[in-house]
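Right, one structure below, let's go through it.
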Amino acid sequence: MMIWLVMILTGLFTFCTRFALLNGWVSRALPGWLVDALGFVPIAVLTAIIVPAVLLDPVTEEIILTGNARLVAAIIATLIALFARNVLATISSGLGALWVMQWWL
Amino acid sequence: MPSHVAPRSASAEFWRGVSDELPLQLGVVPFGLVFGVLGMASGLSPVQTILLSSILFGGASQVVFAQLWAAGVPPLVVGGSVGIVNLRHVLYSASMAAYLRHLPLGWRVALAYLLTDEAYAVSIKRFQDGPKSPHQHFHLLGSGMTLWVAWQLSTIAGVIAGTTIPDAWSLSFAIPLTFIALVAPRIRLRADLMACLVAAALSLLCQPLPWKSWIIIAAFGGIAAGWLTHHFSKKPLTTGEK
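Residue numbers (the working numbering), protein chains in the order written: chain A, 395 to 499; chain B, 16 to 257.
Structure (structure tokens):
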């Protein structure tokens, strides 16, 4: 039951973030410092999700730097993302690299 | 006929929104599939996984929700983490306001619900680049609905496939890969890099803290680091808001 409550409340909050300025709940112009801060939200949040998923062992939760196939795959994907700027190319190169290393090396 | 002579009709705007949005589905559909798989793997029921895609309707926040819920994190921390992931929508709402504020309430509710990263990206371009039209909000309706349908269908496909895809495929790794595709091209200024590095360091250092609170701490730390670097480096502002 609890999960539904949390789903609906977070859903309502998310809706409010999208609706707030369309309904004039917040004055038309957000303060400049807040706009600047919100601009860093995607980089900060997504990095915080990426890094542990790449570096931590799923079982022991220790940081693995050597012999870590996910780290190598993530580096390859980052290079593809920077140069190709294409979501699908990034995902497929990263997954492809991971599969090659897991199954053939 | 040149489009600046007669404004485009409502249906022309709608279909333009649909066709502008379609190419982005190449990245959206695999992400939706992976979320469907991940939701099931996190112990959500098929119905919960599918409905999360329409209740939250935000890929990154749904991933965070599923992962934290699976880890038994207290509901308040789940809510706070999901909330911070979705805070960026305030910016979209702000820059859309000038084009949508005059609409009746029902329209604003519907368009706010559909205001995701990908729909925002194509429709704000149309609003800013013109030509102005009394029907231009139909563009966002078209782009938003396209994304919504693709997201729901790919989530459902992922839920169905979830039980048959072997773990050895490491499909859940597609989630950090998707985020890499979104983050890497955004890092342009020193402040962006600082936000990224501080968030990365905190996400590792704060692992021992309870309730997976490292997500919130790393996010706020990264935002603060980016903001401070930006503020003190006296570089020109990065955003075109206001």
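Cβ coordinates follow ideal geometry from the N, Cα and C atoms, glycine included.
Item to check | Cβ-Cβ separation, Ile-474(A) to Ser-487(A) (assumed contact under 8 Å), whole Å | outcome: Counted from its first residue, the first sequence places residue 487(A) at position 93. Counted from its first residue, the first sequence places residue 474(A) at position 80. Ser-487(A) to Ile-474(A), Cβ: 4 Å. Contact.
Next on the checklist: For a minimum of 3 consecutive residues, which ranges assigned as the beta strand (DSSP E) are wholly contained in the segment 70-119 of chain B?
Outcome noted: none
Next on the checklist: If you reduce the DSSP assignment to three classes, tell me which class Leu-204(B) lands in.
Outcome noted: As a first step, residue 204(B) must be located in the second sequence, where it is residue number 189. If DSSP states are grouped into helix, strand and coil, Leu-204(B) belongs with coil.
Next on the checklist: My output table needs one value for Leu-129(B): the three-state DSSP class, helix, strand or coil.
Outcome noted: The sequence position of residue 129(B) within the second sequence is 114, counting from 1. Here Leu-129(B) sits in coil by DSSP.
Next on the checklist: Does chain A have any CB closer than 8 Å to the CB of Thr-178(B)?
Outcome noted: The residue you call residue 178(B) lines up with position 163 of the second sequence. Thr-178(B) does not count as touching chain A.
Next on the checklist: Does Ile-469(A) come out as helix, strand or coil in the three-state DSSP assignment?
Outcome noted: Here residue 469(A) refers to the residue found at position 75 of the first sequence. Correct three-state label for Ile-469(A): helix.
Checklist entry - For a contact meaning CB atoms closer than 8 Å, what does Leu-71(B) contact in chain A? => result The residue given as residue 71(B) occupies position 56 in the second sequence. Correct list: Met-401, Thr-404, Gly-405 and Thr-408.
Next on the checklist: To the nearest angstrom, how far is the alpha carbon of Ile-190(B) from that of Ala-113(B)?
Outcome noted: Position 175 of the second sequence holds residue 190(B). Position 98 of the second sequence holds residue 113(B). Looking at the two C-alpha atoms, the distance is approximately 34 Å.
Checklist entry - For a contact meaning CB atoms closer than 7 Å, what does Val-453(A) contact in chain B? => result On the first sequence, position 59 is the one that residue 453(A) refers to. By Cβ distance, chain B contributes nothing, its closest Cβ being about 13 Å from Val-453(A), past 7 Å.
Checklist entry - Who pairs with Ile-457(A) in a beta bridge, going by DSSP? => result For the purposes of this step, residue 457(A) is identified with residue 63 of the first sequence, where counting begins at 1. Partner(s): Leu-450(A).
Next on the checklist: Rounded to whole angstroms, what is the Cα-Cα separation between Leu-492(A) and Val-97(B)?
Outcome noted: Numbered from its first residue, the first sequence carries residue 492(A) at position 98. Numbered from its first residue, the second sequence carries residue 97(B) at position 82. Taking the straight line joining both Cα atoms gives about 29 Å.
Checklist entry - Of all the options Leu-197(B), Trp-226(B) and Glu-28(B), which has the alpha carbon lying nearest to the alpha carbon of Leu-83(B)? => result Reading the second sequence from its first residue, position 68 is the one you call residue 83(B). Out of Leu-197(B), Trp-226(B) and Glu-28(B), Trp-226(B) has the C-alpha closest to the C-alpha of Leu-83(B).
Item to check | Cut-off 7 Å between Cβ atoms - residues of its own chain near Ser-248(B), not counting five sequence neighbours on either side | outcome: Here residue 248(B) refers to the residue found at position 233 when the second sequence is read from its first residue. Correct list, in chain order: Arg-205 and Ala-206.
Item to check | Reduced DSSP secondary structure (H/G/I, E/B, other) of Leu-37(B) | outcome: Residue 37(B) sits at position 22 when you count from the first residue of the second sequence. Here Leu-37(B) sits in helix by DSSP.
Checklist entry - Does the beta carbon of Leu-494(A) sit closer than 8 Å to a beta carbon anywhere in chain B? => result For the purposes of this step, residue 494(A) is identified with residue 100 of the first sequence, where counting begins at 1. One detail in the question is off: residue 494(A) reads as Val in this sequence, not Leu. Cβ-Cβ to chain B under 8 Å: no for Val-494(A).
Item to check | Beta carbon of Val-44(B) nearer than 8 Å to that of Ala-165(B) | outcome: Along the second sequence, one-based indexing puts residue 44(B) at 29. Along the second sequence, one-based indexing puts residue 165(B) at 150. Going by C-beta atoms, Val-44(B) is nearer than 8 Å to Ala-165(B).
Item to check | Distance, His-150(B) Cα to Ala-233(B) Cα | outcome: Here residue 233(B) corresponds to residue number 218 of the second sequence, with the count starting at 1. Here residue 150(B) corresponds to residue number 135 of the second sequence, with the count starting at 1. So the two alpha carbons sit approximately 42 Å from each other.
Next on the checklist: For Ala-216(B) and Leu-156(B), I'd like the C-alpha separation in whole angstroms.
Outcome noted: To locate residue 216(B), count along the second sequence from 1; it is residue 201. To locate residue 156(B), count along the second sequence from 1; it is residue 141. So the two alpha carbons sit approximately 40 Å from each other.
Checklist entry - If we ignore side chains and look at the alpha-carbon of each, how far apart do Trp-30(B) and Gly-418(A) end up? => result For the purposes of this step, residue 30(B) is identified with residue 15 of the second sequence, where counting begins at 1. For the purposes of this step, residue 418(A) is identified with residue 24 of the first sequence, where counting begins at 1. The alpha-carbon atoms of Trp-30(B) and Gly-418(A) are separated by roughly 29 Å.
Checklist entry - Do Ile-202(B) and Thr-484(A) come within 8 Å of each other at the CB atom, strictly closer than that value? => result The count along the first sequence starts at 1 and reaches residue 484(A) at position 90. The count along the second sequence starts at 1 and reaches residue 202(B) at position 187. Taking 8 Å as the Cβ cut-off, Thr-484(A) and Ile-202(B) do not qualify as a contacting pair.
Item to check | Beta-carbon separation (whole angstroms), Gly-73(B) vs Thr-64(B), contact threshold 8 Å | outcome: The residue given as residue 73(B) occupies position 58 in the second sequence. The residue given as residue 64(B) occupies position 49 in the second sequence. Between Thr-64(B) and Gly-73(B) the Cβ distance is about 14 Å, and since that is not below 8 Å, they are no contact.
Checklist entry - Candidates Gly-241(B), Ser-169(B), Ala-183(B) and Ala-240(B): which alpha carbon is nearest Gln-40(B)'s? => result Your numbering for residue 40(B) matches position 25 in the second sequence. Among Gly-241(B), Ser-169(B), Ala-183(B) and Ala-240(B), the Cα nearest to that of Gln-40(B) belongs to Ser-169(B).
Next on the checklist: Can you find the residues in the same chain that come closer than 6 Å, C-beta to C-beta, to Gly-54(B), ignoring five residues on each side of it along the sequence?
Outcome noted: The residue labelled residue 54(B) in the question sits at position 39 within the second sequence. Result list for Gly-54(B): Thr-64 and Ala-81, in chain order.
Next on the checklist: What would DSSP say about Ser-26(B), mapped onto helix, strand or coil?
Outcome noted: Position 11 of the second sequence, counted from the first residue, corresponds to residue 26(B). Looking at Ser-26(B) - three-state DSSP - the assignment turns out to be helix.
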